[in-house]
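A.B. asks:
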Amino acid sequence: MGNEIDTSAEHAEAAAMPRAHEVHSDPDQPCIETAAKSLSQKPVDGKSAAQWAYERLILYIQNFEKTLDEEHEVAMGFAGGDAGVIRIEGMGYFDPDIITFYGQDQMGMRTQLVQHVSQLNVMLRALPKKAPAEAPTRIGFRLAQDLEQG
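With the working numbering as the guide, the letters of the sequence shown map in order to residues 2 to 151.
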């Protein structure tokens, strides 16, 4: 243990920062902890539940995409209904508490899911990319780029 002494302000600030922890059987599996540290660089005050959910989902999507080969793209499955699985093509939020997902379902139909943050329950899945000759679409990179610019 270190001998560092935190001031009460440092202790309060650390308590307000987002924390994440994961352990995987594969030590080379990307963990969300590293990505979550980027959230702690941004002000905590003033973020809605929707914005917090949106930003953390972006981290999970990016982290999941790091595990995919060139033949697969990220998709999302939804629990508690017949929404099924959609290939993620876009994502957004509407303060204070709505998250929306844009994409295509397994039949290629345009799909948009609007969900309250209290009902958020998603499963990231790897789907074979649509056209074998094309490079896989990586939405996580575009979402993170938008966060950095915004």
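Built from N, CA and C at the ideal position, the CB exists for glycine as well.
This structure is a prediction, so every number in the text was calculated from the model and none was measured.
Between residue 58 and residue 72, what straight-line distance do the alpha-carbon atoms span, to the nearest angstrom?
C.D. replies: 22 Å
A.B. asks: For residue 105 versus residue 88, is the C-beta distance shorter than 9 Å?
C.D. replies: yes
A.B. asks: Note the first and the last residue of the continuous beta strand (DSSP E) segment covering residue 111.
C.D. replies: 111-117
A.B. asks: Looking at the secondary structure, which residues open and close the alpha helix (DSSP H) in which residue 154 lies?
C.D. replies: In the structure displayed, the chain extends from 2 to 151; residue 154 sits before or after that span and is not available.
A.B. asks: For the beta strand (DSSP E) holding residue 60, just list the boundary residues, first then last.
C.D. replies: Per DSSP, residue 60 belongs to no beta strand (DSSP E); it is in the alpha helix (DSSP H), 50-66.
A.B. asks: Report the rounded CA-to-CA distance for residue 147 versus residue 68, giving the unit in angstroms.
C.D. replies: The straight-line gap separating the alpha-carbon atoms of residue 147 and residue 68 is approximately 22 Å.
A.B. asks: Evaluate residue 64 with the Cβ neighbour count: other Cβ atoms within 10 Å of its Cβ, from every protein chain shown; 16 or more gives buried, anything less gives exposed.
C.D. replies: buried
A.B. asks: Answer yes or no: do residue 101 and residue 116 have a C-beta to C-beta separation smaller than 9 Å?
C.D. replies: yes
A.B. asks: Would you mind stating whether residue 66 and residue 131 have Cβ atoms separated by less than 9 Å?
C.D. replies: no
A.B. asks: So which of 133, 124, 149 and 24 has the shortest CA-CA distance to residue 77?
C.D. replies: 124
A.B. asks: Buried or exposed, going by whether 16 or more other CB atoms sit within 10 Å of the CB of residue 92?
C.D. replies: Counting Cβ neighbours within 10 Å, residue 92 comes out buried, since at least 16 surround it.
A.B. asks: Classify residue 30 as helix, strand or coil using the three-state DSSP reduction.
C.D. replies: coil
A.B. asks: Should residue 136 go down as buried or exposed, given a rule of 16 or more other Cβ atoms within 10 Å for buried?
C.D. replies: exposed
A.B. asks: Starting from residue 128 and walking both ways along the beta strand (DSSP E), at which residues does that stretch end?
C.D. replies: Looking at the DSSP string, the run of the beta strand (DSSP E) that includes residue 128 is 123-129.
A.B. asks: Three-state secondary structure (DSSP) at residue 107?
C.D. replies: Three-state result, residue 107: coil.
A.B. asks: Select from 51, 62, 56 and 48 the residue whose C-alpha is nearest the C-alpha of residue 31.
C.D. replies: 62
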